[in-house]
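Chains as they are written, first to last, in this note's numbering: chain A, 5 to 77; chain B, 5 to 77; chain C, 5 to 77; chain D, 5 to 77; chain E, 5 to 77; chain F, 5 to 77.
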């Protein structure tokens, strides 16, 4: 009966704005498979929730990711 | 001083896109009442945060809910 | 298919250390009922997860709850 | 390797709709500094995620914040 | 720079009290691999946090899992 | 009315098992101050919840932190 929450930044994917619908499908299927394989959890009661976070709202190294990406480009 | 987070899919409600403002009011009041009744918690310091999740971002049974709803209809 | 997370401090209840097993049962049943009544959600896929947080690990008003309780007593 | 999640209501800030980009930068920097100062955590692996919550989706005192703000004004 | 939180009940595993250390290692590796494969995320900044929840603190179908397991056995 | 959740590994601190009570007090005070300074939030309704996560339950680079620490020592 696992609950899995995946948080990613809104970048990458086909439009550069985050995972595509197909990529989300792969994440959901992949996490459900992993929990069934490793722990024997029934996918019928495995929840996966994906949160997409704007680059201004995610920080690392004391900076917003939007700033880090601007420095990298 | 409880904190309650409610995550629901963006479906149902008056427009089929998630809970109405009135339904959110009922969730907030209902959860605050429950915590006061069961645990004696003062509603003054009970927080309720409702997250509405797109159907493509919620998975169960290894599939996105958007796919499950399409199969059901 | 809701997911509800309830966080409470480890106080109150029969031993002063947090909700009893019976109180947890009431929280689980009450939240499931509320989501069924207000949003028509099937309890079969409503998850409720209760986290009990030590008084030293919960802050409000810039102080730990353990300190606030000591000041109140 | 801390993970910090900050949830605030979508109010205040330059447009009354939540924190500005500059204020988010200050939150990210401030939290990273705090964890480095107090616990010696390397900012390189400190994540800060800011969630902005609509006023209809946040409850306190058994009411939505949108209602509380309307009563206060 | 993903953050993944996996919540499972404290059951199963070698002692019936939740995932073993080896199973946790497989979850961490599997989730990191999945995010690298599907989204191209660098494992260096993928966080995985596993929470193990007591059976009395997890509810589904309006009941605690501890009660459901007792009914099943 | 902010809610802040801080997750750290159970290491460091006076006993090597995580933040001391005094360090937790500094985290709570520091976060409350930051939100008051940057966003004008009243500390009376700022919640801070600290979660301490075992080294076997936190992964980065596809490995548990317990393994990374063993490799570093």
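Backbone N, C-alpha and C define an ideal beta-carbon position, used for all residues, glycine too. Here the structure is a predicted model, which is why all the values come from computation and not from measurement.
If you reduce the DSSP assignment to three classes, tell me which class residue 65 of chain E lands in.
By 1-based counting over the fifth chain, the position of residue 65 of chain E is 61. If DSSP states are grouped into helix, strand and coil, residue 65 of chain E belongs with coil.
So which residues of chain B does residue 53 of chain F contact, with C-beta pairs closer than 8 angstroms?
If you number the sixth chain from 1, residue 53 of chain F lands on position 49. Counting only Cβ-Cβ distances below 8 angstroms, residue 53 of chain F has contacts in chain B at 7, in chain order.
Taking only beta-carbon positions, decide if residue 72 of chain A is within less than 7 angstroms of chain H.
You won't find chain H in this structure, because its protein chains are A, B, C, D, E and F.
Is the Cβ of residue 23 of chain C closer than 7 angstroms to any Cβ of chain E?
Translated into positions along the third chain, residue 23 of chain C becomes position 19. Cβ-Cβ to chain E under 7 angstroms: no for residue 23 of chain C.
Rounding to the nearest angstrom, what Cα-Cα distance links residue 20 of chain C and residue 26 of chain D in this structure?
Residue numbering aside, residue 20 of chain C sits at position 16 when the third chain is read from its first letter. Residue numbering aside, residue 26 of chain D sits at position 22 when the fourth chain is read from its first letter. Spanning the two alpha carbons is a distance of roughly 44 angstroms.
For residue 13 of chain B, list the residues DSSP reports as bridge partners.
Mapped onto the second chain, residue 13 of chain B falls at position 9. Paired residues: B:57.
How is the alpha helix (DSSP H) around residue 37 of chain F delimited, first residue to last?
Against the sixth chain, residue 37 of chain F aligns to sequence position 33. 25–43 is the span of the alpha helix (DSSP H), which, as asked, contains residue 37 of chain F.
Measuring alpha carbon to alpha carbon, tell me which residue in D:33, D:18 and D:69 is nearest residue 69 of chain A.
For the purposes of this step, residue 69 of chain A is taken as residue 65 along the first chain, with counting starting at 1. Closest option to residue 69 of chain A, Cα to Cα, is D:33.
Taking buried to mean at least 16 other C-beta atoms within 10 Å of its own C-beta, is residue 18 of chain E buried or exposed?
Here residue 18 of chain E corresponds to residue number 14 of the fifth chain, with the count starting at 1. Burial check for residue 18 of chain E: the Cβ neighbour count within 10 Å stays below 16, so the residue is exposed.
For residue 74 of chain D and residue 44 of chain E, the rounded distance between their alpha carbons:
In the fifth chain, residue 44 of chain E corresponds to position 40, counting from 1. In the fourth chain, residue 74 of chain D corresponds to position 70, counting from 1. If you take the alpha carbons of residue 44 of chain E and residue 74 of chain D, they lie about 46 angstroms apart.
Which residues, in order along the segment 33–65 of chain F, keep a beta-carbon less than 7 angstroms from a beta-carbon of chain E?
The residues in question are 57, 60, 61, 62, 63, 64 and 65.
Find the nearest neighbour of residue 10 of chain D within the set D:61, D:66 and D:52, judged by alpha-carbon distance.
Start at 1 with the first residue of the fourth chain, and residue 10 of chain D comes out as number 6. The shortest C-alpha to C-alpha distance from residue 10 of chain D to any of D:61, D:66 and D:52 is the one to D:52.
Count the other CB atoms within 10 Å of the CB of residue 60 of chain A; is the residue buried (16 or more) or exposed (fewer)?
Numbered from 1 along the first chain, position 56 holds the residue referred to as residue 60 of chain A. When all chains shown are included, residue 60 of chain A counts as buried.
Name the one or two DSSP bridge partners that residue 52 of chain D has.
Here residue 52 of chain D is taken as the residue at index 48 of the fourth chain, counted from 1. According to DSSP, which records beta bridges pairwise, residue 52 of chain D is partnered with A:63 and D:8.
Alpha-carbon spacing of residue 29 of chain D relative to residue 40 of chain E, whole angstroms
Within the fourth chain, the letter at position 25 stands for residue 29 of chain D. Within the fifth chain, the letter at position 36 stands for residue 40 of chain E. Rounded to the nearest angstrom, the gap between the Cα atoms of residue 29 of chain D and residue 40 of chain E is 28 angstroms.
Under 7 angstroms between beta-carbons, which chain D residues line up against residue 30 of chain F? List them in chain order, please.
Numbered from 1 along the sixth chain, position 26 holds the residue referred to as residue 30 of chain F. Result: 42.
Does any CB atom of chain A fall closer than 7 angstroms to the CB of residue 75 of chain E?
Here the question's residue 75 of chain E lines up with position 71 in the fifth chain. Taking CB atoms only, residue 75 of chain E has no neighbour in chain A less than 7 angstroms away.
Closest to residue 36 of chain E by CA distance: which of F:15, F:63, F:49 and F:57 is it?
As a position in the fifth chain, residue 36 of chain E is number 32, starting the count at 1. The option with the nearest alpha carbon to residue 36 of chain E is F:63.
Using three-state DSSP, classify residue 47 of chain F as helix, strand or coil.
Here residue 47 of chain F refers to the residue found at position 43 of the sixth chain. Shown here, residue 47 of chain F sits in a helix according to DSSP, grouped into three states.
Length of the line joining the Cα atoms of residue 22 of chain F and residue 13 of chain A
Position 18 of the sixth chain, counted from the first residue, corresponds to residue 22 of chain F. Position 9 of the first chain, counted from the first residue, corresponds to residue 13 of chain A. Residue 22 of chain F and residue 13 of chain A: Cα-Cα distance of roughly 29 angstroms.
Quick check: the Cα distance between residue 50 of chain A and residue 77 of chain D, rounded to an integer number of angstroms?
The residue labelled residue 50 of chain A in the question sits at position 46 within the first chain. The residue labelled residue 77 of chain D in the question sits at position 73 within the fourth chain. The C-alpha of residue 50 of chain A lies about 44 angstroms from the C-alpha of residue 77 of chain D.
Can you pull the chain F residues whose beta carbon is under 7 angstroms from the beta carbon of residue 11 of chain D, in chain order?
Here residue 11 of chain D refers to the residue found at position 7 of the fourth chain. Those are 6 and 7, listed as they occur along chain F.
Which residue from A:48, A:8 and A:15 puts its Cα closest to that of residue 31 of chain A?
As a working mapping, residue 31 of chain A is identified with position 27 in the first chain. Comparing Cα-Cα distances from residue 31 of chain A to each of A:48, A:8 and A:15, the minimum goes to A:8.
Would you check if the distance between the CB atom of residue 6 of chain C and the CB atom of residue 65 of chain E is smaller than 7 angstroms?
Here the question's residue 6 of chain C lines up with position 2 in the third chain. Here the question's residue 65 of chain E lines up with position 61 in the fifth chain. Against a cut-off of 7 angstroms, the Cβ pair of residue 65 of chain E and residue 6 of chain C comes out as no contact.
Return helix, strand or coil for residue 77 of chain C, following the three-state DSSP convention.
The residue given as residue 77 of chain C occupies position 73 in the third chain. The answer is coil: DSSP assigns residue 77 of chain C none of H, G, I, E or B.
In chain E, which residues lie less than 7 angstroms from residue 16 of chain A when you measure between Cβ atoms?
Walking along the first chain from the start, residue 16 of chain A turns up at place 12. Correct list: 43 and 44.
Using the C-alpha atoms, what's the distance from residue 55 of chain A back to residue 58 of chain D?
By one-based count along the fourth chain, residue 58 of chain D stands at place 54. By one-based count along the first chain, residue 55 of chain A stands at place 51. Each residue's alpha carbon lies about 16 angstroms from the other.
I'd like to know if residue 26 of chain D contacts chain F, where contact means its C-beta is closer than 7 angstroms to some C-beta of that chain.
As a working mapping, residue 26 of chain D is identified with position 22 in the fourth chain. It does not: the Cβ of residue 26 of chain D has no partner Cβ on chain F nearer than 7 angstroms.
Among D:42, D:67, D:72 and D:71, whose alpha-carbon lies nearest the alpha-carbon of residue 24 of chain F?
Taking the first residue of the sixth chain as 1, we reach residue 24 of chain F at position 20. Nearest C-alpha to residue 24 of chain F: D:42.
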